[in-house]
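Worksheet: the structure to be examined is printed underneath.
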Amino acid sequence: MSIVWAIARHTIAEGIRMKLALVFMALVGLVLVGLPFSISGDGSLTGAVQNFMTYALSATGLLLGLLTIFMSRSMSDEFAQRQIFLVMTKPVPRWQYVLGKWAGLTMLNAALLTAAGLTIYGMVHYLRATHPPLDETYDAAALKNDVLVARHALRAKLPDFRVQAQLEFDKNLEEGLYDHVPDFDAGEELRGLTNKHEARWRVVGPYETRVFEFENVLCERSKQKEIHLRYKTQVSNGPPDEIFRAFWMAGDISKGTPVYRLPVRHVQGRFHTVRFPADAVAADHTLTVYFRNENPYSDEPQFPNVIEFRAAEEVEALFVVGTFEGNLVRLLILMQCKLTYLAAVALFMTTIFSFPVACLGSFTVYVFAGAQKFLKEALDWASTDIANMFTSGKEFLVGLLHVVTAKIYWVVPSFGEYDAVETLVGGRNVSLAWVLNGLVWLVLVKTGIALGLAMLLFHRREVAEVSV
Amino acid sequence: MLVPKPSVVQTAGLCKTFKDFWRRPAVEAVKDLNLEIRPGEVFGLLGPNGSGKTTTIKLLLGLLYPTRGRISLFGKPPTDVAVKSRIGFLPEESYLYRFLVAQETLDYYGRLFRLPSRIRRERSERLLDMVGLRHEARRRVGEYSKGMARRIGLAQALINDPEFLILDEPTSGLDPIGARQIKDVIRDLGRKGKTILLSSHILADVEDVCDRVTILYGGQQRAAGDISELLRKTEVTQINLPNVSPETLAQIRDLVRRLEKKDILEVTHPRVKLEDYFLRIVEEAQAANIRTYGARSGGAIPDFLKKATDTGEETLIESLVAASHQGLPVTPIAPPPRGELKPSREVIEQLLHGADAEEAEAEEPPLKTSTREDGRKKPPPGALPSASVKREADAAVIDELLGRTSGGTGKEEP
């Protein structure tokens, strides 16, 4: 391993002395230090900190990703400038050379990421100390309780709408409602009924109540601790001031918990948080929350508002499970996992191609991994659209596109799945399980495959190869 | 039973064909090459540009894979990692990392040989001394001249005390001092029993240091053999004498005519080699402490470069048996004559006055030496600590140096 370490050290020294890493460090530093002075946001302290963290962490990830790709030219440069002749005539196993280069890139990334993380942490506290909050009650408290924490988020357990749909389907079938329907598709009908029941459940009419149940609420059931209920509604026939009236009730008398009544006057279409003591959680770690639509308001009977909880904006119960610092560290580890994979891919590319082509290849993978969700949707649409252009071979074309993209998705991971910036900024817990998933899947499996291929190709390659 | 020591390098039917983009054979760089390099010999690989010398070396080092044929280094394939710890390689260009300083460069390559830190440090210092770059050890290699980089290249090739040294055009880009030093190093290493493969198209270099050569052309071996055998002119006899009077010369000529019925072909005063003359001027400047940012004359070859037999398990008897078994005994090349070096004027005067001066010299005390701060001996002004000076000199050159008008050509026709 002394050889791996020697090559890793050499790669780090090269990165620093060739000024490439320094340029990127300067850029990251400029972004991190400059952002707090250029972001205004909504004027609140919470908004300023959230905006800063979002931009700073995203910029750090992007710049370090690019640095990793450019740093991989360390290896292709050794081929181009033939320094590899001297290295490969020393007793250096080729796999150790590749491993050393990768370790060097990874360690350089880790050092830069640590520096960036410390700067971000420092700048958050600088903002907190210098940016005046709009008010102590909401703004300063929101920053402390909703952002600079690590909260575990639970989604409400939805009723099984398929059961209700099946009951209705059976009833309709019995009544012969489907007898004369041409090309009747039972499955399609069941899916339609399921969606209908879910949509009906998500709508709370005037003076109606909806029950949300949460399971595995593994928090400390103490009056001193808080549960945060985060939700967003859409209101039909909304009032002129866009404010709806309702109240939440948290707790379950049947399970011996206190019940807290929380009247709200909230603006529709935005996320809101209501807080109540954690002793509302039952001993079996379940939490029952009721929502009652108090519209139309007695003074405004002309607005019988219907309140909707949309599927994409589920109600969440949150409770504190850790600190912001721990959360930030876990986020940085996830970022490092992505950079580690990228370093392996970049080295793999340099074992096949020379610098500009290898760099372009690595960048393509980086873009593909970063925007996989978007690209996947786009390709799905594209595959259908392209297929529709042809009357013959449509199925073949669609199938081919799906096979190709599926293979690419298998090889290239989705970085979006390991992007914890939004989670951190929302004060949610970047869970250890998530980090472990990144370490196993991104580092052990995907990086292992990329590095293994790089080693194999490099082992077979003639380092003094001449193509005439 | 005594087992003959195996060859350091052996190739059989070695071929290398470079292919074009479509993988079609394009250039046959090496064709059916059968090569054997025996332990302890300095082997020259000769040939014009494009004759396949460098390709052969790359094949030997595992940087290229043969299209056909077999290569064995110390009895193993060149891709064997363990074999590489016994090899030192100086490529045709130095291929160094521009961002590292000289000290770090040697340290890095030492690490790749898994040398302990202390050994790396010691060897780096000694090698930098040897190549005359100790005073520039903290300068980035990217700032070095080509010759200086070449010197560092040589130093890195020796960091592991290799048993087998491959030098590809070692003197290319070097000034005469550097070229001479490298040749001295090759000779010294050869005397220590190291095996050396020297590839060059500078024939004088090869002739100076090699025991055996092979000549390549068009990727094929055209000639091979012992260099002294190949270059010997058996039809002419050369006798070197101290300067003699015209009368004695006439008597010698008569004697040869009488006994051999032949005329002496040529009577001449040999010239000082320009290399020797140049070295003397530079070393005088160095002795006068004239500042330079370039390389200086190197020191002696470091002690750590052990004799090959020190590390091997072979006994002297075994090596002799092995040599006789192989038919061509490997004999170390005798070092070139190295007289005590004198200030230029003294030397010139001595040469002018011939035997008288020599006798007087015998009675003179040895030249005084002073001691440097680091404890090493410092040569007297004008002395040539490492270059040999021939006692004979061309009279025209001497006269020119002393500002005199030469009275003759320095050459007497029979």
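Quick note, the sequences are listed as chains Z and F, same order. Each residue of the first sequence is one higher than the last, beginning at 1 in the working numbering. Each residue of the second sequence is one higher than the last, beginning at 1001 in the working numbering. Even glycine gets a Cβ: it sits at the ideal position worked out from N, Cα and C. These numbers come from a predicted model, not from an experiment.
- The continuous stretches of alpha helix (DSSP H) do not include W248(Z), which lies in the beta strand (DSSP E) extending over residues 243 to 250.
- CA-CA distance, L453(Z) to V98(Z), rounds to 10 Å.
- Exclusion of the five residues before and after V204(Z) leaves R210, N293, I307 as the residues of its chain whose Cβ lies within less than 6 Å of its Cβ.
- For Q1238(F), the number of other beta carbons within 10 angstroms of its own is below 16, and it is reported as exposed.
- For the pair G1062(F) and T1214(F), the Cα-to-Cα distance works out to about 21 Å.
- The three-state secondary structure of P356(Z), taken from DSSP, is helix.
- Distances from the alpha-carbon of L331(Z) to those of Y121(Z), L45(Z), Y260(Z), R9(Z) put Y121(Z) closest.
- Within 8 Å of the CB of A1082(F), the CB atoms of chain Z belong to P91, in sequence order along the chain.
- When beta bridges are read from the DSSP output, L158(Z) appears opposite no residue.
- Within the segment 71 to 99 of chain Z, the residues whose Cβ lies closer than 7 Å to any Cβ of chain F are, in chain order, Q81, R82, Q83, F85, L86, V87, M88, T89, K90, P91, V92, P93.
- Here L86(Z) is near Y1095(F), since their CB atoms are less than 8 Å apart.
- Listed in chain order, the non-local C-beta contacts of K1183(F) below 8 Å within the same chain comprise T1171, D1205, D1208, V1209, local neighbours out to five positions each way being set aside.
- Fully enclosed beta strand (DSSP E) runs of no fewer than 3 residues occupy 209 to 214 of the segment 193 to 229 of chain Z, in order along the chain.
- With a threshold of 8 Å between beta carbons, S354(Z) makes no contact with chain F.
- The C-beta of V443(Z) comes no closer than 8 Å to any C-beta of chain F.
- Look at I12(Z): its C-beta is not under 8 Å from any C-beta on chain F.
- In the structure shown, F1074(F) falls within a coil segment according to DSSP collapsed to helix, strand and coil.
- Rounded to the nearest whole angstrom, the C-alpha separation of H402(Z) and A371(Z) is 17 Å.
- Taking 8 Å as the CB threshold, A464(Z) lines the interface with chain F.
- DSSP places T1067(F) in the coil class of the three-state scheme, outside both helix and strand.
- Less than 8 Å separates the beta-carbon of A6(Z) from that of G100(Z).
- By the neighbour-count criterion, in which 16 or more other beta carbons inside 10 Å mark a residue as buried, A283(Z) falls on the exposed side.
- In the three-state reduction of the DSSP assignment, Q50(Z) falls in the helix class, which pools H, G and I.
- Just measuring C-alpha positions, the residue of V49(Z), V289(Z), A369(Z) sitting nearest F214(Z) is V289(Z).
- Annotation note: the segment 290 to 376 of chain Z contains the following uninterrupted alpha helix (DSSP H) runs of length 4 or greater, listed N- to C-terminal: 324 to 352, 355 to 370.
- Among the residues of chain F, none has a CB under 7 Å from the CB of S414(Z); the nearest is roughly 36 Å distant.
- Between L1127(F) and L1100(F), the CB-CB gap reaches or exceeds 8 Å.
- Residue-level contact by beta carbon fails for L1274(F) and chain Z, as no gap is shorter than 8 Å.
- Between L1090(F) and L1174(F), the gap from beta carbon to beta carbon reaches 8 Å or more.
- In the pairwise beta carbon analysis, the segment 1051 to 1062 of chain F is classified as touching the segment 1016 to 1034 of chain F: at least three pairs are separated by under 8 Å.
- By the Cβ-count criterion, R261(Z) is exposed, with fewer than 16 other Cβ atoms from all chains shown falling within 10 Å of its own Cβ.
- A residue is called buried when at least 16 other Cβ atoms come within 10 angstroms of its Cβ; R151(Z) meets this threshold and is buried.
- Legend: CB atoms of the segment 13 to 40 of chain Z lying less than 8 Å from CB atoms of chain F belong to residues A13, E14, R17, M18.
- Each of T286(Z), L287(Z), A280(Z), R230(Z) was checked against the Cα of V264(Z), and the nearest Cα belongs to R230(Z).
- Distances from the CA of M71(Z) to each of H10(Z), A48(Z), T405(Z) were compared; the closest alpha carbon is that of H10(Z).
- Nearest neighbour of S1199(F) by Cα position, chosen from A1026(F), T1055(F), R1023(F), turns out to be T1055(F).
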